[in-house]
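For any residue, its number in my numbering is found by taking its place in the sequence shown, counting from 1, and adding 1101.
Glycine included, C-beta positions come from ideal geometry on N, C-alpha and C.
Comments concern the structure below.
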Amino acid sequence: MSHHFDAVNIMSPKPRSDFQHALSLCRPALLWVAAFSLFINLLMLTPALYMLQVYDRVITSGSKETLLMLTLVAGFLLAVMVGLELVRSRLLVRVGNHLDTLVSGRLYRVMFARGLASPGEGSGQPLDDLRTVRQFISGNGLFAFFDAPWVPIYLAILFVFNVWFGVFATGAGLLLLGLAIINEKVSKRLLAEAGHEHIQAQAQADSNLRNAEVLHAMGMLSSIMRRWEARHVAALVKQSQASDRSSGLSNLSKGLRILAQSLILGLGALLVLDASITPGMMIAASIIMGRTLAPIDQMIGSWKSFVGCRDAYYRLDALFLDMPTETRRLSLPAPKGEIAVETLTLVPPGAAKPALRELDFRIARGEHVGIIGPSAAGKTTLARALLGIWPPESGAVRLDGADLRHWNRDELGPHVGYLPQDIELFDGTIGENIARFGEVDDAQVVAAAKRAGVHEMILRLPEGYETRIGAVSGAVSRGQRQRIGLARALYGRPVLVVLDEPNANLDDAGERALAEALRQLKAEGTTLFVISHRRSVLAEVDKLLVLGDGKLRLLGPREEVLARLAPPRRKQAASGKASQYRVPYEGLPAGVGAPWR
């Protein structure tokens, strides 16, 4: 049976994350650090051997020449040790930076992928975790782990001096090691809980800052701040409890180490009086035992940072395993804009039931389709599916016959334009935002702005296209941001454009500019999907797609669909007035007919 399990383990090894792979690439440098540690620990014996020779040779012989030579040799060796420690410290700093360089780009992509897979859960915490790991590698805490293997060697030297020295140092080392284990047991849970509370408090603070206007306008700051303070204080309390326990054990460990170094002198004096050792051995034994216990004491002192590094490592490793590396696919020809949705069922991330069910339709290149339906019908979900933002549970969305999942996103992106409901512009100039932060082609930036009808508006800004804006910048209004977002969607003449409520924040001038942009897209043969309930936007579409409860209710030429959604005239006459709302076509669920403005 054991052979069977061995075969299973060989056939299905535990997958290694990208983070583990990056650490393995740092292994050669860490081996160099270990080699430097070997020579440093050998040279650490210099003070002990120097004292041994001074007491047992110089004092007994009275030779000043011997003292001078020993002092010069000891000084040289200690200078070499200092140089090696400097090189070791700098090498660890570079190892930490190298690890960051290897991981940070991939980590950013993983954070981005998790933000797509779990909307609302994205945060910068993984970057903090990477910084924690890097700082631990670059700091002094790691030295204890490189010096620890030398503890048995120091103990062996003490046994060579005298067996009682070895026994005494072993007992002291085991006592300090026991304190280190106790420190781990009593602080592990509290530190983990404190770290969790801190992460939650930070995420809550980030969310509050993103919604600062709402909190300020409605006087919610005090209430929401109390919720944040509850988590923050909980993290502080647990952190303080863990620190109190850890610092108490750390101080106890330091006191016991100093006591042991003092007591070994007493033991050595007793052995000198019994003529079992020389006075020089007594002094050397005290110095060597200090070196024996130092790594253990240093481990206890740096235990908090070690635990933080360990927890950060586990979180990063789990994140990389959950979000495996995307494989690079064969480059496909530039798309032309034909869309086919095949029995598409999609469950939004974090949801329990599908938002889209068994959708099946085909849109020819250059057709303009208006998507309508009541709230929660799945309109925005369909927009995300058409762009490949959310992967389907079953079925497929195809662009020119190729599943969207088979495209390399950086190659597909330039051919796609997207204007979401919530407009997000990024830190940079207006020109950089329109150019999608790629290489700025001035002519194409201006062309996209003109197509979106925003060129003249941009020219009126103090810095024109060089005006700097950001995610929450007040340099431009919400309507202006939406129009700039439209220009970004149209940059580079994409073949597929998806607009989600593109006129939600537009004034009359913006509405006219949007209508002109849609007519120009039609003339250029761009495939368009637009979600809206306003007649002005849907006046020029070729087809209307009606969603209800996540299902395709109607799809056909615009006038035909409008006719099916129109209320019977006799019902209007009976009611005595025209209804503000379109009555659903018979057989459709209530609410499919949306208000028309």
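Task: Endpoints, the alpha helix (DSSP H) within which residue 1441 is located - done: Against the sequence shown, residue 1441 aligns to sequence position 340. Counting along the chain, residue 1441 falls outside any alpha helix (DSSP H), though it belongs to the beta strand (DSSP E) covering 1440-1447.
Task: Buried versus exposed call for residue 1677 [16 or more other C-beta atoms within 10 Å across all chains shown] - done: One-based indexing of the sequence shown puts residue 1677 at position 576. Residue placement at residue 1677 is poorly supported in this model, since its pLDDT is 44, which falls under 50; the coordinates are not used for a value here.
Open item on the list: Would residue 1389 and residue 1259 be called neighbours here (beta carbons separated by less than 7 Å)?
Closed with: For this step, residue 1389 is matched to residue 288 along the sequence shown. For this step, residue 1259 is matched to residue 158 along the sequence shown. Cβ atoms of residue 1389 and residue 1259: closer than 7 Å.
Open item on the list: Using a 10 Å radius around the Cβ and a threshold of 16 neighbouring Cβ atoms, would you call residue 1227 buried or exposed?
Closed with: As a position in the sequence shown, residue 1227 is number 126, starting the count at 1. Buried, since its Cβ has 16 or more Cβ neighbours within 10 Å.
Open item on the list: Between which residues of its own chain and residue 1494 is the CB-CB distance below 7 Å, once the five residues before and five after are set aside?
Closed with: The sequence position of residue 1494 within the sequence shown is 393, counting from 1. For residue 1494, where only same-chain residues beyond five positions count, the Cβ hits under 7 Å are 1446, 1447, 1448 and 1455.
TODO: May I ask which residues mark the beginning and end of the beta strand (DSSP E) holding residue 1495?
DONE: The residue labelled residue 1495 in the question sits at position 394 within the sequence shown. Segment 1495-1500, the beta strand (DSSP E) holding residue 1495.
Open item on the list: Once the 5 residues before and after residue 1337 are set aside, which same chain residues still bring their CB inside 7 Å of it?
Closed with: The residue given as residue 1337 occupies position 236 in the sequence shown. Around residue 1337: no qualifying Cβ.
Open item on the list: Within a Cβ cutoff of 6 Å, which residues of the same chain sit near residue 1646, ignoring the five residues on either side of it in sequence?
Closed with: Translated into positions along the sequence shown, residue 1646 becomes position 545. Answer for residue 1646: 1470, 1472 and 1656, listed in chain order.
TODO: Could you have a look at residue 1472 and say whether DSSP puts it in helix, strand or coil?
DONE: Taking the first residue of the sequence shown as position 1, residue 1472 is located at position 371. Looking at residue 1472 - three-state DSSP - the assignment turns out to be strand.
Open item on the list: My assumption, with CB atoms under 8 Å, is that residue 1193 sits in contact with residue 1134. Please give the rounded CB distance.
Closed with: For this step, residue 1193 is matched to residue 92 along the sequence shown. For this step, residue 1134 is matched to residue 33 along the sequence shown. Their Cβ separation, rounded to whole angstroms, is 6 Å, which keeps residue 1193 and residue 1134 in contact under 8 Å.
Open item on the list: Residues in the same chain with beta-carbon distance under 6 Å from residue 1380, minus the five sequence neighbours each way, listed in chain order, please.
Closed with: Numbered from 1 along the sequence shown, position 279 holds the residue referred to as residue 1380. Within the same chain, residue 1380 has close Cβ partners 1156 and 1373.
Open item on the list: Please list the terminal residues of the continuous alpha helix (DSSP H) segment that includes residue 1665.
Closed with: By 1-based counting over the sequence shown, the position of residue 1665 is 564. Where residue 1665 is concerned, the enclosing alpha helix (DSSP H) stretches over 1659-1666.
Open item on the list: Less than 7 Å between the C-beta atoms of residue 1291 and residue 1339, yes or no?
Closed with: Here residue 1291 refers to the residue found at position 190 when the sequence shown is read from its first residue. Here residue 1339 refers to the residue found at position 238 when the sequence shown is read from its first residue. Yes, Cβ-Cβ distance for residue 1291 and residue 1339 is below 7 Å.
Open item on the list: Going by C-alpha to C-alpha distance, which of 1654, 1142 and 1202 sits closest to residue 1478?
Closed with: In the sequence shown, counting from the first residue as 1, residue 1478 sits at position 377. That would be 1654, whose Cα lies nearest to the Cα of residue 1478.
Open item on the list: Do residue 1298 and residue 1332 have their beta-carbon atoms positioned less than 7 Å apart in this structure?
Closed with: In the sequence shown, counting from the first residue as 1, residue 1332 sits at position 231. In the sequence shown, counting from the first residue as 1, residue 1298 sits at position 197. Yes; because the gap between Cβ atoms is below 7 Å, this pair is in contact.
Task: For residue 1417 and residue 1200, the rounded distance between their alpha carbons - done: Residue numbering aside, residue 1200 sits at position 99 when the sequence shown is read from its first letter. Residue numbering aside, residue 1417 sits at position 316 when the sequence shown is read from its first letter. Whole-angstrom Cα-Cα distance: 13 Å.
Task: Simplified DSSP state of residue 1237, which is helix, strand or coil - done: Numbered from 1 along the sequence shown, position 136 holds the residue referred to as residue 1237. Three-state result, residue 1237: helix.
Task: Burial state of residue 1603, where buried means 16 or more other Cβ atoms lie within 10 Å - done: Here residue 1603 refers to the residue found at position 502 when the sequence shown is read from its first residue. The residue in question, residue 1603, is buried, as its Cβ has 16 or more Cβ neighbours within 10 Å.
Open item on the list: Taking only three categories from DSSP, how would you classify residue 1503?
Closed with: Residue mapping note: residue 1503 aligns to position 402 of the sequence shown, counting from 1. Looking at residue 1503 - three-state DSSP - the assignment turns out to be strand.
Task: Anticipated Cβ contact below 8 Å, residue 1587 with residue 1640, distance rounded - done: Reading the sequence shown from its first residue, position 486 is the one you call residue 1587. Reading the sequence shown from its first residue, position 539 is the one you call residue 1640. With a Cβ gap of about 17 Å, residue 1587 and residue 1640 do not count as contacting.
- [ ] Determine, using beta carbons only, whether residue 1413 and residue 1230 come nearer to each other than 7 Å.
- [x] The sequence position of residue 1413 within the sequence shown is 312, counting from 1. The sequence position of residue 1230 within the sequence shown is 129, counting from 1. Cβ distance < 7 Å, so residue 1413 and residue 1230 count as in contact.
Task: Residue range of the unbroken alpha helix (DSSP H) whose run includes residue 1151 - done: The residue you call residue 1151 lines up with position 50 of the sequence shown. Unbroken alpha helix (DSSP H) run through residue 1151: 1147-1154.
Task: Environment of residue 1368 [buried if 16+ CB atoms lie within 10 Å] - done: On the sequence shown, position 267 is the one that residue 1368 refers to. When all chains shown are included, residue 1368 counts as buried.
Open item on the list: To the nearest angstrom, how far is the alpha carbon of residue 1304 from that of residue 1122?
Closed with: Against the sequence shown, residue 1304 aligns to sequence position 203. Against the sequence shown, residue 1122 aligns to sequence position 21. Going from the Cα of residue 1304 to the Cα of residue 1122 covers about 29 Å.
Open item on the list: Suppose the cutoff is 8 Å on Cβ atoms and the five residues either side in sequence are ignored; what does the same chain contact list for residue 1398 look like?
Closed with: If you number the sequence shown from 1, residue 1398 lands on position 297. Answer for residue 1398: 1277, 1354, 1355 and 1358, listed in chain order.
Task: Neighbourhood of residue 1274 by C-beta distance below 8 Å, restricted to the same chain and skipping five residues each side - done: If you number the sequence shown from 1, residue 1274 lands on position 173. Contacts found: 1252, 1256, 1393, 1394 and 1397.
Task: Buried or exposed (CB count within 10 angstroms, at least 16 for buried), residue 1330 - done: Looking up residue 1330 in the sequence shown gives position 229. So residue 1330 ends up on the exposed side.
Task: Same chain, Cβ closer than 6 Å to residue 1104, five either side skipped, listed in chain order - done: For this step, residue 1104 is matched to residue 3 along the sequence shown. With a pLDDT of 43 at residue 1104, under the threshold of 50, the modelled position of this residue cannot be trusted; read the value that follows with caution. There are no such residues.
- [ ] Please determine if the segment 1478-1489 and the segment 1625-1633 are in contact, where contact requires at least 3 C-beta pairs separated by less than 8 Å.
- [x] yes
TODO: Please report the Cβ distance between residue 1450 and residue 1517, rounded to the nearest whole angstrom; I am assuming they are in contact, meaning their Cβ atoms lie under 8 Å.
DONE: Taking the sequence shown and counting its residues from 1, the one referred to as residue 1450 is at position 349. Taking the sequence shown and counting its residues from 1, the one referred to as residue 1517 is at position 416. Actually they are not in contact, since the Cβ atoms of residue 1450 and residue 1517 sit about 20 Å apart, beyond 8 Å.
Task: Backbone CA spacing between residue 1557 and residue 1490 [nearest angstrom] - done: Counting from one through the sequence shown, the residue named residue 1557 turns up at place 456. Counting from one through the sequence shown, the residue named residue 1490 turns up at place 389. Approximately 33 Å between the Cα atoms of the pair.
Open item on the list: If you reduce the DSSP assignment to three classes, tell me which class residue 1569 lands in.
Closed with: Your numbering for residue 1569 matches position 468 in the sequence shown. Three-state DSSP puts residue 1569 in a strand.
Open item on the list: For residue 1647, list the residues DSSP reports as bridge partners.
Closed with: Along the sequence shown, one-based indexing puts residue 1647 at 546. Answer by DSSP bridge pairing, in chain order: 1473 and 1655.
Task: Separation of residue 1458 from residue 1674, as counted between CA atoms - done: Counted from its first residue, the sequence shown places residue 1674 at position 573. Counted from its first residue, the sequence shown places residue 1458 at position 357. With a pLDDT of only 46 at residue 1674, under 50, the local geometry of the prediction cannot be trusted, and no value is derived from it.
- [ ] Specify the secondary structure class of residue 1230 as computed by DSSP and reduced to three states.
- [x] On the sequence shown, position 129 is the one that residue 1230 refers to. Correct three-state label for residue 1230: helix.
Task: C-beta atoms of residue 1433 and residue 1503 nearer than 7 Å - done: What you label residue 1433 is simply residue 332 of the sequence shown in a count that begins at 1. What you label residue 1503 is simply residue 402 of the sequence shown in a count that begins at 1. Yes, they are a contact pair.
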